[in-house]
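These protein sequence lines map, in sequence, to chains A and B. Using the working numbering, read the first sequence as starting at 1 and increasing by one per residue. Using the working numbering, read the second sequence as starting at 1001 and increasing by one per residue. Glycine included, every Cβ here is placed at the ideal spot set by N, Cα and C. Structure first, commentary second.
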Amino acid sequence: MNENIHVSSSPHIRSKVTTSSIMFLVIIALLPATIFGIYNFGIRALVHVFVTVAASVLTEYVFEKGMKRPITIKDGSAALTGLLLALNLPSTAPWWIGLIGGVFAILVVKQLFGGLGQNFMNPALGARCFLLISFTSIMTNFPQIGNSSATPLAALKAGEAVNTRDMLLGFTSGTIGETSAIALLIGAIILLWFGVIDIVIPGLYILTFVIFISLFGGHGFDPYFITAHLCGGGLMLGAWFMATDYVTSPITPKGKIIFGILLGILTGLFRLFGSAAEGVSYAIIIGNVIVPIIDKYTIPRAFGKKKEKKGGAKS
Amino acid sequence: MKLVTFRGGVHPPDGKHWAKEKPIQTVLPKGDLAFLLSQHIGAPAKAVVNVGDRVLKGQMIAEAGGFVSSPVFSSVSGTVKAFGQRYNAVGAKVQAIIVENDEQYDEVEYPPVKPLEEMSREEVIKVIADSGVVGMGGAGFPTHVKLSPKEPDKIEYIIANCAECEPYITADYRRMLEMPEEIIAGLKVVLSLFDHAEGLLAVENNKPDCIKILQDLVKDEERIRVVPLKTKYPQGSERQLIYATTGRMINSSMLPADAGCIVDNVETLIAINNAVNHGRPVTERLMTVTGRAIANPANLIVPIGMNQTELIEFCGGFKETPEKIISGGPMMGFALFTTDTPVTKTSSCLLCRIHDPIADMPASACINCGRCVEACPSLLVPSKLADYANQHRPRHFQEWNGLECVECGCCSYVCPAKRHLKQSIASYKKSVIAMNRAQAQKQAEEAKKLEESKKAAEAKKEGGDEK
């Protein structure tokens, strides 16, 4: 008899999907937007991608080494955070902005809360908002693309006309990765195709947002206005890549529905009535923070369980 | 073909090709046999033989230890050698009767069989009970108990569980291919007990040949039809099967009979047919011995009590060193640390794998991806339940319906972080059930004490009044 026969609890087989294969797929899905961003904004964009990814991965490595924890940089989550952060920076920002952002994202938002799976807000978005508040002028100084250095959303808010075709393709100003709706949608299709994300959150997010701006935007159901809002700013990047972040979105089926609708309303609210033109980052971050409450009140009814008044947490 | 199914579930690689084409063979043991006294749910059986007694094949050697219990029969002729302890599939040592095999296979003379039409309901159930029939799909619940619901008139469906959704196992498949008449005969026996019931042969559509054979056989039967199921694990799980075939739902505190259903798997129906129509008790069962490590994978009619080491030898031994040996299928089976363990009424498969993938997959942090939620056929949130289990938080565990887990293992199977979700949940579920039971007992005792002290106080008071 083999002395080294293994004994473990069932099941004795596992699917091939791993954490790193998921992270790798998300990175692949972000490549169209990344490549377009580098094409649109030039070599500075590439430098940002390099700096933020390196800063994120290194911070994770150094922190885990220092804390004598297992090194988890191979799971790809830190690299993904870095890439997402780069796509959220304006190409005109100095290189050290990415460095500070990457360190903040991994150290403060992710590792200090316990590392992968424990952070309560999306690390890349947390870092972006941190930078936005600390270095407002740097973070809102966008390069000139075509004949305007204003982002389409800012122009829209100021009552100027925008070119929706350029916005769809991405030949506009904005952060590195947010301008091309087409490139982001290609990525979204990759994620949906491989089952990495579910349509519920981004679908409801976008749908609710469209309804909200149709009702309160002052333009009614105006395709031009709606297209401009959908393709402008960080909505596509946020809805498909950040709102769907597993760790910081609800796990219950009902919770996902609530989360998607909530983000749509918050984004509409911030964009239409806030002082800034953009609101996606703050909407998602606020959504992130209330995820534990959403989960707590949306415990799914188990198979075969009758509806009961007690309802767990509701009592 | 209209297919029915349930929500959730997974599609593991099925591995059935190893033994699918192997016709059923009978194997005769050479060495000693060990008959576990507890190979069913309920009270252990009580030995009725003594050391030195000669026993025959088909002779009862242990009687039922209560209503929820089942007798054990010798599967060979020989001499009772000893009463000892043997490991069962889950690695516990349990009482066993050891019989030295004389290789004569002398069989007892079975009493004449009464035709089914002439038997009363009670007689049929008694024959099934006295023949040692238990749920042979793996649970081992005594079949006569299952067939005695409180209100037999309310049973509307008898579901023959022919799903065989566990990967690698092909025993039910071979039964359906080679002896479908016996399955149907067994189903008819059960149907004879319930006048208002319809018989459903529920088969997964990865076995189209079986569906065809069964459909041809029952096309003139008024009360039996074949229900093709979508191939998905755990389609053969009782609750999921009832839902797929009838649309009814039961939870952990209900029995299938509460939804008007009785579910019996293929091997159990064969045993019922043998018992009622042929007067033969349970002395053997069909097992699949399979996996890459086995020289000649096979589907074997194995005498109960046979040593599984001998079984492997019969299949040509190991062609490669196995890294893991599983009693049952890869999703819900038990990893054995030794093959020196006897076949029981619930042994469906012996799976010998040369590589254990679990060993290469250390668990990492949960990323909250929700794949376990999508896969859970009980519609639970396994990642949260596993957290609550690991943190020992019984209230949260129950609030999130942890007690509804059917332990199918889908959550662990899909988890990209390779967490041992099912293991955490299943073991904590047992603790919580035990805790609840202890608490209920304590409360009952306290209530009793309070009652007594009240009575005592009243008696005293009355006594005082009299003074």
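Cα atoms of B/E1181 and B/L1214: separation of roughly 8 Å, rounded to the nearest angstrom. Taking C-beta atoms under 8 Å as the contact rule, B/Y1243 and B/F1006 qualify, at a distance of about 5 Å. The beta carbon of B/R1225 sits closer than 8 Å to those of E1198, G1199, L1200, L1201 and V1218, all from its chain and outside the five residues before and after it, given in chain order.
In the three-state scheme derived from DSSP, where H, G and I count as helix and E and B as strand, B/Y1168 is classed as coil. Uninterrupted beta strand (DSSP E) stretches at least 3 residues long and entirely within the region 1169-1232 of chain B occur at 1198-1204 and 1224-1229, given in chain order. A/R14 carries a coil assignment under DSSP once its states are collapsed to helix, strand and coil. Pairing A/A55 with A/N88 gives a Cβ-Cβ distance that is not under 8 Å.
A contact is defined here as three or more CB-CB pairs under 8 Å, and the region 52-67 of chain A meets this definition with respect to the region 80-96 of chain A. For A/K305, the residues of chain B that pass the 8 Å Cβ criterion are N1251, N1401 and E1404, in the order they occur in the chain. For B/S1327, the enclosing beta strand (DSSP E) starts and ends at K1324 to S1327.
Bounds of the beta strand (DSSP E) holding B/D1264 are C1261 to N1265.
Contact between B/F1073 and B/V1276 fails: their C-beta atoms lie close to 16 Å from each other, not under 8 Å.
Residues of chain A whose Cβ lies closer than 7 Å to the Cβ of B/N1368 are, in chain order, G117, Y246, V247 and I251. Sixteen is the threshold: when 16 or more other Cβ atoms of the shown chains lie within 10 Å of the Cβ of B/F1314, as they do, the residue is buried. Residues are counted here when their Cβ sits less than 9 Å from a Cβ of chain A; for the region 1334-1348 of chain B these are F1334, A1335, L1336, F1337, T1338, T1339 and D1340, given in chain order. Neighbours of A/T18 across chain B, judged by C-beta separation under 9 Å: M1361, S1364, P1416, A1417 and K1418.
The distance from the Cβ of B/K1324 to that of B/D1356 is about 4 Å, consistent with a contact at the 8 Å cut-off. In this structure, B/R1285 keeps its C-beta atom at 8 Å or more from the C-beta atom of B/V1266.
Shortest Cα-Cα distance from B/I1294 to any of B/P1112, B/A1019, B/L1450 and B/L1056 involves B/A1019.
Residue-level contact check: B/P1394 does not touch chain A, since none of the beta carbons of chain A fall below 8 Å from its beta carbon.
Put simply, of B/T1231, B/K1230 and B/I1184 the residue whose alpha carbon is nearest the alpha carbon of B/D1216 is B/I1184.
Between the alpha carbons of B/G1015 and B/Y1168 lies a distance of about 5 Å.
Per DSSP, B/F1083 lies in no alpha helix (DSSP H); the unbroken beta strand (DSSP E) holding it starts and ends at G1078 to Y1087. C-alpha of B/D1106 to C-alpha of B/A1271: approximately 20 Å in a straight line. In its chain, beyond the 5 residues on either side, G76, A79, L80 and L83 have a beta carbon closer than 8 Å to the beta carbon of A/I27.
Annotation: A/V289 has no Cβ neighbours in chain B at a cutoff of 8 Å; minimum Cβ distance is about 15 Å. Looking at A/A239, A/L184, A/G126 and A/L215, the one whose alpha-carbon comes closest to that of A/L269 is A/L215. A/I199 carries a coil assignment under DSSP once its states are collapsed to helix, strand and coil.
Within the DSSP secondary-structure output, B/T1346 pairs in no beta bridge. Of A/A155, A/S275 and A/T18, the smallest CA-CA separation from A/V196 is found for A/T18. Note on geometry: alpha-carbon atoms of A/D245 and A/M23 lie some 11 Å from one another. With 16 or more other Cβ atoms inside 10 Å of its own Cβ, B/S1347 counts as buried. The region 1054-1142 of chain B is shown to contain whole beta strand (DSSP E) runs of 3 or more residues at 1060-1063, 1078-1087 and 1093-1101, in chain order.
B/D1172 counts as buried, since at least 16 other C-beta atoms from the protein chains shown sit within 10 angstroms of its C-beta.
For B/Y1087, no Cβ of chain A is located within less than 8 Å of the residue's own Cβ.
The count of Cβ pairs closer than 8 Å, one atom from the region 1107-1124 of chain B and one from the region 1035-1045 of chain B, stays below three, leaving the stretches out of contact.
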